[in-house]
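A.B. asks: I have a structure I would like to understand better, so I am pasting it below and will then ask my questions one at a time.
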Amino acid sequence: MYNTKAYSAVSATSPLASDTIARRDPTEHDVQIEILFCGICHSDLHSVRNEWSDFMSTTYPIVPGHEIVGQVTQVGTAVTKFKTGDRVGVGCMVDSDDTCPNCKAGLEQFCQNVTFTYNSPDKHKTAPVTYGGYSNSIVVDQRFVLRVPPNLDLAGVAPLLCAGITTYSPLRHWGVTEGKKVGVVGLGGLGHMGVKLAHAMGAHVVVFTTSPDKKEDALRLGADEVVVSRNSDEMQKHAGSFDFILDTVSAKHDINAYLNLLKLDGNITLVGAPEKPLEVAAFSLIMGRRNLSGSNIGGIAETQEMLDFCGEHNITADVEVIPIQKVNEAYERLLKSDVKYRFSIDMASLKSE
452 MYNTKAYSAV
462 SATSPLASDT
472 IARRDPTEHD
482 VQIEILFCGI
492 CHSDLHSVRN
502 EWSDFMSTTY
512 PIVPGHEIVG
522 QVTQVGTAVT
532 KFKTGDRVGV
542 GCMVDSDDTC
552 PNCKAGLEQF
562 CQNVTFTYNS
572 PDKHKTAPVT
582 YGGYSNSIVV
592 DQRFVLRVPP
602 NLDLAGVAPL
612 LCAGITTYSP
622 LRHWGVTEGK
632 KVGVVGLGGL
642 GHMGVKLAHA
652 MGAHVVVFTT
662 SPDKKEDALR
672 LGADEVVVSR
682 NSDEMQKHAG
692 SFDFILDTVS
702 AKHDINAYLN
712 LLKLDGNITL
722 VGAPEKPLEV
732 AAFSLIMGRR
742 NLSGSNIGGI
752 AETQEMLDFC
762 GEHNITADVE
772 VIPIQKVNEA
782 YERLLKSDVK
792 YRFSIDMASL
802 KSE
């Protein structure tokens, strides 16, 4: 084992602070990575503050971060996919059983024995749980390491490992292609990626927002139209016309208003996670054979496909780069939606701790 610097929280009410953690030495199948940037995901905040205890209780100390990009510093003797110096990424998962039907289908995110990048039991016993990317270094099985296209800025690539794949996966699954009419509800960290990706896929993209002042930015990101969702006349103009709607909103909202915008056999997919259940009117589904579904991230192969797609279309997240010393401030700003559109931590700043 070796030690590396990190930022961790020791309780649900304590701030993130400088720490030293243990990492395992690379086994024959492992890749050791110097972390250069790590994105901040809203789930980091929820996990640090143990707000998802009904789903996954937090074990402390917690080192968050599952939007990791960096450079390979060492590889195990059996590693064939990577070499020292490669630009790589690590997303929300670092292991799975590799034997279940979901793993065999390339859907590792649905493996019952998936190991998340942080706050999952550590099968290597280096620590009680896995530690994430708010650190200088990480060791990951090569199966869960991804190639980063050489033309993309690393700070902007980091959020692609969560926000990027979370929006790309349902767009691909539900067949978004050229000529499709696609709605994106909400223009935050997820929504802005949904707009960029759907636009690059050739869709006609309509952004739904409660904030009229977001129109200019939505158009800059690739939207063809912007609808203020509180304006019933604007909403009505689009009734029954969408092939697909990506709902990225994590606050309470009227899902039926968007279901009624779908055409026959249209789909709306939830990637935002409101705290309280949404009320769905049966007739919103029945009239038009509409579909309501959910999605989280994608498998490793699909995540690599997403990165390659972003490389081809020169897509990265819009980020505000911060030093690790401002992470607690960033969490408070995240609660106020005070960022356009993701924070990316320059992990070089941790070396000064």
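Quick note on the numbering used here: the sequence shown kicks off at 452 and runs consecutively.
Built from N, CA and C at the ideal position, the CB exists for glycine as well.
Thinking just about the alpha-carbon of each residue, which of Q483, P621, S508, M452 is nearest to the one in L743?
C.D. replies: Nearest C-alpha to L743: P621.
A.B. asks: Distance check for V657 and D573, CA to CA, integer angstroms please.
C.D. replies: So the two alpha carbons sit approximately 43 Å from each other.
A.B. asks: Cα separation between A876 and I719?
C.D. replies: Examination of residue 876 is not possible in this model, given that the chain is present from 452 through 804 alone.
A.B. asks: Roughly how many angstroms lie between the CA atoms of E690 and L558, to the nearest whole one?
C.D. replies: With the sequence shown as reference, residue 690 is identified as Ala, and Glu is not the correct amino acid for it. Taking the straight line from one Cα to the other gives about 34 Å.
A.B. asks: What number of angstroms, rounded off, separates the C-alpha of H624 from the C-alpha of S803?
C.D. replies: H624 and S803: Cα-Cα distance of roughly 44 Å.
A.B. asks: Between the C-alpha atoms of H650 and G634, what's the straight-line distance to the nearest angstrom?
C.D. replies: Cα to Cα, H650 sits roughly 11 Å from G634.
A.B. asks: At 3 residues or longer, and completely inside the stretch 479-552: list those beta strand (DSSP E) runs for me, N to C.
C.D. replies: Taking only runs of at least 3 residues, the beta strand (DSSP E) segments lying wholly in the stretch 479-552 are 481-491, 519-526, 538-541, 544-546.
A.B. asks: Would you mind stating whether V677 and K688 have Cβ atoms separated by less than 7 Å?
C.D. replies: Their beta carbons are not under 7 Å apart, which means V677 does not touch K688 by this criterion.
A.B. asks: What are the start and end residues of the alpha helix (DSSP H) that includes E570?
C.D. replies: Note on residue identity: the sequence assigns Asn, not Glu, to residue 570. Unbroken run through N570: none, as it is neither H nor E.
A.B. asks: Go through its chain and collect everything with a Cβ distance to G521's Cβ below 7 Å, but skip five positions before and after it.
C.D. replies: Closer than 7 Å at Cβ, skipping near neighbours: I484, E485, I486, L487, V539.
A.B. asks: Ignoring anything shorter than 3 residues or poking outside the stretch 722-769, list the beta strand (DSSP E) runs there in chain order.
C.D. replies: Here the runs fully enclosed are 742-745.
A.B. asks: Could you pull the DSSP bridge partners for F695 from this structure?
C.D. replies: DSSP lists V633, N718 as partners of F695.
A.B. asks: Only counting the same chain, and skipping five residues up and downstream in sequence, which positions put a Cβ closer than 6 Å to that of Q755?
C.D. replies: The residues are L597.
A.B. asks: For T660, which residues from the same chain have a beta carbon less than 6 Å from its beta carbon, with the 5 sequence-adjacent residues on both sides left out?
C.D. replies: Taken in chain order, the residues that qualify are L638.
A.B. asks: Below 8 Å on the Cβ atoms is my guess for L712 versus I696; work out the distance and round it to an integer in Å.
C.D. replies: That pair is a contact at about 7 Å.
A.B. asks: Report the CB separation of S673 from K647 in whole angstroms; it is logged as a contact under 8 Å.
C.D. replies: At residue 673 the sequence reads Gly, which differs from the Ser that was named. The Cβ separation is near 5 Å, so the contact holds.
A.B. asks: Could you tell me which of E629, Y585, N765, N707 sits nearest to I796, measuring between CA atoms?
C.D. replies: Cα-wise, what sits closest to I796 is Y585.
A.B. asks: Going by CA-CA distance only, name the one from S465, T464, P466, D476 that's closest to N454.
C.D. replies: Comparing Cα-Cα distances from N454 to each of S465, T464, P466, D476, the minimum goes to D476.
A.B. asks: Do C613 and C562 have their C-beta atoms within less than 7 Å of each other?
C.D. replies: Not in contact: C613 and C562 (Cβ atoms no closer than 7 Å).
A.B. asks: Go ahead and pull the three-state DSSP assignment for A464.
C.D. replies: The question names Ala, but residue 464 in the sequence shown is Thr. Here T464 sits in coil by DSSP.
A.B. asks: Does DSSP classify S680 as helix, strand or coil?
C.D. replies: It is coil, neither helix nor strand.
A.B. asks: Which residues does DSSP list as the beta-bridge partners of F659?
C.D. replies: DSSP lists V636, V678 as partners of F659.
A.B. asks: Mind reading off the beta-carbon distance from A702 to P725? Whole number of angstroms is fine, and I expect it under 8 Å.
C.D. replies: Rounded, the Cβ-Cβ distance is 6 Å, consistent with contact.
A.B. asks: Quick one: what does DSSP say D813 is sitting in, helix, strand or coil?
C.D. replies: It is not possible to answer for residue 813, since the shown part of the chain is limited to 452 through 804.
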